[in-house]
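Residue numbers (this note's numbering), protein chains in the order written: chain A, 1404 to 1711; chain B, 1404 to 1711; chain C, 1404 to 1711; chain D, 1404 to 1711. By construction, the Cβ of each residue, glycine as well, lies at the ideal position given by its N, Cα and C atoms. Keep in mind the model is a prediction, meaning the values are calculated, not measured.
4 protein chains.
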Amino acid sequence: MAQHLDNQLLAQILETARPLIGKGKVASYIPALAEVSGNKLGIAITTVKGERFQAGDASERFSIQSISKVLSLVLAMTRYDEDEIWSRVGKDPSGQPFNSLVQLELEQGKPRNPFINAGALVVCDMLQTRLSSPRQRMLEVVRLLSGVPSLTYDERVARSEFEHSARNAAIAWLMKSFGNFHNDVTTVLHNYFHYCALKMSCVELADTFMFLACQGCTPAWPYPVLTPQQTRQVNALMATSGMYQSSGEFAWRVGIPGKSGVGGGIIAVVPHEMSIAVWSPELDDFGNSLAGAAVLENLIAALGRSVY
Amino acid sequence: MAQHLDNQLLAQILETARPLIGKGKVASYIPALAEVSGNKLGIAITTVKGERFQAGDASERFSIQSISKVLSLVLAMTRYDEDEIWSRVGKDPSGQPFNSLVQLELEQGKPRNPFINAGALVVCDMLQTRLSSPRQRMLEVVRLLSGVPSLTYDERVARSEFEHSARNAAIAWLMKSFGNFHNDVTTVLHNYFHYCALKMSCVELADTFMFLACQGCTPAWPYPVLTPQQTRQVNALMATSGMYQSSGEFAWRVGIPGKSGVGGGIIAVVPHEMSIAVWSPELDDFGNSLAGAAVLENLIAALGRSVY
Amino acid sequence: MAQHLDNQLLAQILETARPLIGKGKVASYIPALAEVSGNKLGIAITTVKGERFQAGDASERFSIQSISKVLSLVLAMTRYDEDEIWSRVGKDPSGQPFNSLVQLELEQGKPRNPFINAGALVVCDMLQTRLSSPRQRMLEVVRLLSGVPSLTYDERVARSEFEHSARNAAIAWLMKSFGNFHNDVTTVLHNYFHYCALKMSCVELADTFMFLACQGCTPAWPYPVLTPQQTRQVNALMATSGMYQSSGEFAWRVGIPGKSGVGGGIIAVVPHEMSIAVWSPELDDFGNSLAGAAVLENLIAALGRSVY
Amino acid sequence: MAQHLDNQLLAQILETARPLIGKGKVASYIPALAEVSGNKLGIAITTVKGERFQAGDASERFSIQSISKVLSLVLAMTRYDEDEIWSRVGKDPSGQPFNSLVQLELEQGKPRNPFINAGALVVCDMLQTRLSSPRQRMLEVVRLLSGVPSLTYDERVARSEFEHSARNAAIAWLMKSFGNFHNDVTTVLHNYFHYCALKMSCVELADTFMFLACQGCTPAWPYPVLTPQQTRQVNALMATSGMYQSSGEFAWRVGIPGKSGVGGGIIAVVPHEMSIAVWSPELDDFGNSLAGAAVLENLIAALGRSVY
């Protein structure tokens, strides 16, 4: 009953979601994001067998924003023992907006999970401690994983984010007041915003995150990025906390792990099979790509690939 | 690499978790639960092929408590249109204790999901509206699904729960104040506590919930309990909100949908393959069976059956 | 510089506030309150020397609503030791809406003060424990204090309140779940709503509350209602928590202790000098009489009687 | 019945409160405060007639800490129109700990009142905007008001506070994210901590704050510090929000406006009569001087000077 995966199917599915364009809102908190056209719609898939499929604006780069939170977590997992990480950040859904300080204050500066801003900032703080050049190292990682040496930060976005960083600064300082932030706030914010400002296309994202579909391995690297267990763990975290406050709704509708960014991108994983990247800049009320989520819902239904 | 599933494997896995007994706490808010021995440990599995496996105290009945929240939701899904249900209760993790009123007040009486108390009470309120005898109907359902006509409520537990029902009464009245509770509070609480007081064994639970592993079908019924899509949806909801505030931790450690009860039971599902019921009365800080979660973690690791 | 207090001054001050009529909202949560004309405006003063002044609709009775919270507290203070009361309810401003459950849950069922709903319900629960007929007793008290034997409850308002009592029932049940509510919820709610449904005029209110201006004494009673210290304490509580969430604003603008009700009444006290009752049914965003507060502001400025 | 005010009365009252020493805790969040002896106990009074009374350690200087929040507010009131101030900070009790961010986030960056940290930081932000040298200006003000040209900041305390400023930085950044903080965070924090680090004795404090007892006038200045109305307003604000979360309790027990600091000082005002400064470094659970509050309670009872 499941349909055959090819470029034509992807193109068809993009069309079923296209009517949603105009019903969401492009992120506008910084000019560099606000000026992106809301009409963009793209998808790319990389399978564990090395096949690649794509449709629409799959080759156009955009700001990956919070999708980078998965990359920074993965990088931390390669540099820190499990206990070191999870004593400083939790693994559970927050039930709160991604930039809220309420829970953080009540829970003494320990963020609920690494995919809300507070959690990602703690992870970046860890990277600052252990890496000599966290920004350069991240570039190396994404260039290797994607196989695209030209990948780089959009400095204009990074700078613009930094100029609007008050809320994230508040989060970092609050964690510092609880002893859960060790490095200079400004330095870590700069790294954090650079990670958010990574510019990648759907094709590049699908290639980069393929290791999450492949038990941690990827042809791009000589050794596993993560162990199979770690890979399942990251996928589990995306499944429960990857879509901000509507992670439950996303699991209900789509049924696979995913992580979104306010640039309109979503990376999703069918374990053991494929990584999927979609892009449509207009967001729903929770900050997830409106058409992007619909594309994933229709695709996974067509392929019969919900993990549940 | 995955191990072969048989009774011996289950017995071994129980032994690996048995040292945890003594490190949790049996639920003590009502006497009928407090007097259960903390030493109990059991597991039962029913596969979609009809195989049955078990070990330990798998045939001893216990109070299923919040596991019944899945049953009441399923029952509501057979009687209500999708919109009718989900306009009154959400699908997202709450990030709050299961009996909290804070979020409920801030969000105008709409509970985050059907697996926290508020959500389950709304579901019971719906059942009261549409069913002539909600308690009798639930008995018929579990008797049919389990194939065990002797299943019944533990009236002593139900009565005892009702005598300690102040918190749930507060939740129901708060929802009523927002127009999201339509029937008599006392009547619905009685039904709710009876559902919680269903007495079932691991074997009976595994049989009962097998339909969630089987796309909604079960040999026990002449027609599907749920559609395949509905089945995936319920599983998704368990995956993101089934283990109270530590649903993310459970996904991280175990990697399959599950729903726990303060009686120490957990029902879990490997989609397309099997339903699993474990029981160990001592609970962790979040109200989930301590040894039970460890049994599931070890079992799923041994079988290689994480969905992520 | 202070102006001379007489009926003419009161009439003038009513006129300065009258333009505010039309800018607030008459309480509409029950029909019996909603149908009161928003045009009413009245004031009455009783001095410790026995003088009486009045202007406007000072003799028309209205529902005193939360003004009764002062009376129930005073009644409890005559029947309970200090420790018995203040171990169950606090003395500090809540900073929250009057009917919120959030703080109550976080603070384990102990209300911040006796002038929010939760606190008044605890006080009514105490009265139910110690008085054989709390409703009858309250009537006796207000009839004695006011010298008006015809004072009574508006049964239609009391019944209507009870029919919309879900929120207060939730509050009572939540306190019961924490062990801070001892009697039958319905019984206490009935008393509470009857107290709220007391129907009194400004003249009757000013006479009734004169003892708060007079160190606890009143010619109406053969012995002091409260000791001088208790009187100061009740006034202090009104000064810090008497006007819901805008008690600070009221102190800033007016500068004397006061307690408002959603019926549009406010009772206020110039210690050692006079009690003042105002009435104007339209409320501001916090539930206080809009024109009533302005009348008090202008009056106290004219008389030079701020306590600060 | 009221006792006569003289140095002997003050000495007696100190002795009645001295047994409380040892039951509180000296503030320990910075070393410079932690090393102050808990045994200190002093009181000073300045009357509007120019009389001065004192007892105990009334001439020893200590860190005035949050008492400075009154001074910065008064300074702002001389430089800003009423609307400019109160559109950025409220006048109501917060019901929350003094350094909480929860309410600030929910209320979009507008602090409840100028006596919690957030509110005082907004006030300091205003002063930074309008004054060429806010730190120098504050010194001039306190030197003039106290008549003591040697008053100065304890630079060691200011520096130490700044080194532990993470929580206040978080508060400032959160307000900045809502547009309610205009200047450089570090600059304003430096000013704020210097104000807190003002070192003054009870005698100097009583003289400094005498204008609040005297309708805004003081012989120290050629013109009124505040208008009579502004003076009442500041006193009202102290009465409702001056003692952190136990402002209601303080009003209940003592009955006059007061403002405390974690250095153990409290400044209090009997309107039209006198200003009172007490000092005892050990604090209660809410951060107010334990013995200091008892001294005020006993003094005001002895003098019969509650405003309520």
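Mapping DSSP to helix, strand and coil, what is residue i?
i, result
"Val1657(B)", "coil"
"Arg1491(B)", "coil"
"Tyr1556(D)", "strand"
"Gly1522(D)", "helix"
"Trp1624(D)", "coil"
"Leu1474(B)", "helix"
"Met1480(A)", "helix"
"Ala1461(A)", "coil"
"Ile1669(D)", "strand"
"Ser1533(C)", "Note that residue 1533(C) corresponds to Arg in the displayed sequence, not to Ser. The answer is helix: DSSP assigns Arg1533(C) an H, G or I state."
"Leu1601(B)", "strand"
"Met1740(C)", "Absent from the model: residue 1740(C). The displayed extent of chain C is 1404 to 1711, so no value can be given."
"Ala1694(C)", "helix"
"Glu1607(B)", "helix"
"Ser1663(B)", "strand"
"Arg1546(B)", "helix"
"Ser1709(A)", "coil"
Taking a contact to mean a Cβ-Cβ separation below 9 Å, would you say residue i touches residue j in this structure?
i, j, result
"Ser1736(D)", "Ile1448(D)", "No answer is possible for residue 1736(D): the residues shown for chain D start at 1404 and end at 1711."
"Arg1570(D)", "Asn1502(D)", "yes"
"Gln1511(B)", "Val1505(B)", "no"
"Thr1352(B)", "Pro1496(A)", "The question about residue 1352(B) has no answer here: the residues shown for chain B are numbered 1404 through 1711."
"Gly1427(C)", "Ser1683(C)", "yes"
"Leu1601(D)", "Leu1554(D)", "yes"
"Tyr1595(B)", "Val1710(A)", "no"
"Leu1615(D)", "Thr1634(D)", "yes"
"Arg1540(D)", "Leu1530(D)", "yes"
"Gln1406(B)", "Leu1706(B)", "yes"
"Phe1465(C)", "Gly1645(C)", "no"
"Val1492(C)", "Val1439(C)", "no"
"Ile1669(B)", "Val1473(B)", "no"
"Ala1696(C)", "Arg1656(C)", "yes"
"Leu1417(C)", "Gly1445(C)", "yes"
"Cys1527(C)", "Pro1537(C)", "yes"
"Ser1628(B)", "Thr1481(B)", "At residue 1628(B) the sequence reads Val, which differs from the Ser that was named. Result yes, Cβ atoms of Val1628(B) and Thr1481(B) sit closer than 9 Å."
"Met1603(D)", "Ser1692(D)", "no"
"Leu1412(D)", "Thr1450(D)", "no"
Here's the rule: buried if 16 or more other CB atoms are within 10 angstroms of the residue's CB, otherwise exposed. What is residue i?
i, result
"Lys1452(B)", "exposed"
"Leu1592(B)", "buried"
"His1597(D)", "buried"
"Glu1543(A)", "exposed"
"Gly1667(C)", "buried"
"Ala1437(B)", "exposed"
"Pro1625(A)", "exposed"
"Leu1509(A)", "exposed"
"Thr1630(D)", "exposed"
Express the C-alpha separation of residue j and residue i in angstroms, rounding to a whole number.
i, j, result
"Ala1639(B)", "Leu1702(B)", "20 Å"
"Ala1680(D)", "Leu1577(D)", "34 Å"
"Gln1632(D)", "Ile1659(C)", "14 Å"
"Gln1563(D)", "Pro1434(D)", "The sequence shown places Ser at residue 1563(D), not Gln. Taking the straight line from one Cα to the other gives about 8 Å."
"Ala1575(C)", "Ser1475(B)", "28 Å"
"Gln1457(C)", "Gly1619(C)", "23 Å"
"Cys1617(A)", "Trp1489(A)", "24 Å"
"Ala1420(B)", "Val1551(B)", "29 Å"
"Glu1463(B)", "Lys1443(B)", "9 Å"
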